[in-house]
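Reading the sequence shown from the start, the letters are residues 7 to 298 in the working numbering. See below for the structure under consideration.
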Amino acid sequence: MNLFEKLSIKGKFTFILSVSFILLLLAGIISTYKAVKASNSSDTVVNEIIPSVNELGVLTGLFKELRITAIKMPTAKNGAVSALKEKYAKDYGSITDTVNALNVVFTKEETQTLLKDLSDYDSVVKNELTALCTQGKVPEATAVIRNKLVPIGNSFDKHTATLEKKLEEYSKQSSENLSSDVNPTVTIVFLLLVLVLNAFFFIKLSKSITSRIRILAEASDRFSDGNLTQEVGYLGSDELGKLRKNLNHLRERLQKIIGEMSSDASVLGTSSTEMTRISEAIDTKAAMFLIN
């Protein structure tokens with residue numbers, strides 16, 4: 007006998023409703039959790055990924071301008087060199103700020119490579135290129151650009167491309183997480199589970215109640231017809247089981263009463279026969295007395 011069968015009818019309905027409530031509560035909790043995750047994923051896309059994509063685009067453009075400024079220095083006139091230096095310093099500061107802004111998405115170790123390339127590039131420009139340009143040594147300045155600045159620039163471009171690839175992967179992962187979080191499959195599964203379990207338990211309970219009521223009704227019909235030989239079999243420990251127990255107790259009481267009535271009728275019949283015999287004996291003696 008399982009635990010469900012031991013419960014009263016009220017207990018069984020309470021059990022079904024409790025299970026349904028728990029499952030619906032779990033579905034609500036999971037939906038809320040997924041909604042919070044979806045909101046976080048959306049915030050990540052809006053507040054981190056999209057700005058970082060823009061920052062990388064700005065960074066690429068600024069570094070391109072920085073390289074162009076450095077390339078112009080050897081062939082610029084004396085007055086133009088100062089203007090190029092100022093533009094270079096301004097672009098360098100903007101690039102440094104942009105790289106630092108990328109720390110929202112990337113780790114400091116990942117952006118440190120860009121800062122190192124920038125530092126190396128700036129060191130060559132300030133310590134070698136500008137000095138050669140000031141001295142009018144164009145071939146030597148051009149050689150510095152070709153042999154030192156170009157490799158550093160290529161390294162910067164390579165590291166930038168690596169960050170762009172990581173950002174693309176991060177964006178893809180965030181999109182997948184967002185799609186997963188807004189997917190209603192889990193909630194639908196829980197709701198279907200609630201419906202299936204409710205249907206199962208209600209059908210099981212309905213069949214249990216109707217079949218036992220039918221058995222009790224048949225037993226009641228037998229008892230009303232005077233057939234008290236067959237007791238009602240076990241029907242559980244709930245209210246219908248108690249009703250079955252009471253019917254069997256009633257059957258036993260009726261059998262006892264009928265037995266007692268049969269015994270009394272037998273005794274009464276014996277007494278009546280004895281009284282008839284005595285009456286006949288008295289009549290015989292009376293007749294003999296009158297004859298004598």
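All C-beta atoms, glycine included, are put in the ideal place defined by N, C-alpha and C. Predicted model only: the values in this text are computed from it and were never measured.
Sequence-distant residues of its chain with Cβ nearer than 6 Å to ASP148 (five each side left out): As written in the sequence, residue 148 is Thr, which differs from the Asp given in the question. The residues are PRO80.
Straight-line Cα distance separating LEU29 from GLY99: 58 Å
Cutoff 6 Å; reference GLY159; Cβ partners in own chain excluding five residues on either side: ARG73
Endpoints, the alpha helix (DSSP H) within which ILE28 is located: 15-50
C-alpha distance - THR290 paired with ARG283, whole-angstrom precision: 11 Å
C-alpha distance - LEU62 paired with ASN153, whole-angstrom precision: 26 Å
Three-state secondary structure (DSSP) of GLN118: helix
Contacting residues, own chain, Cβ-Cβ under 7 Å from ALA225 (five flanking each side not counted): VAL238, LEU253
Exposure label - LYS18; buried when at least 16 CB within 10 Å: buried
Helix, strand or coil at PRO80 [DSSP, three-state]: helix
Enclosing alpha helix (DSSP H) for SER214 [first to last residue]: 191-230
Ranges of the beta strand (DSSP E) found wholly within the segment 134-173, counting only runs of at least 3: none
Pick from PRO57, ALA76, ASP231 that is closest to LYS132, judged by C-alpha positions: ALA76
Local Cβ density within 10 Å of VAL195, reported as buried at 16 or more and exposed below that: exposed
Contact the segment 179-190 vs the segment 205-213: 3+ CB pairs below 8 Å: no
Short Cβ contact (8 Å threshold) for SER58 with LEU197: no
Own chain partners of SER193 with C-beta closer than 6 Å, once the 5 adjacent residues on each side are dropped: Reading off the sequence shown, one finds Thr at residue 193, where the question assumed Ser. For THR193, where only same-chain residues beyond five positions count, the Cβ hits under 6 Å are ALA33, SER37.
ASP244 in three-state terms, based on DSSP: coil
Per-residue burial, ASP49 [other beta carbons within 10 Å of its own, 16 or more giving buried]: exposed
Residue environment, MET7, which counts as buried when at least 16 other CB atoms sit within 10 Å: Residue placement at MET7 is flagged as unreliable, the pLDDT there being 46, under the threshold of 50; a coordinate-derived value is accordingly withheld.
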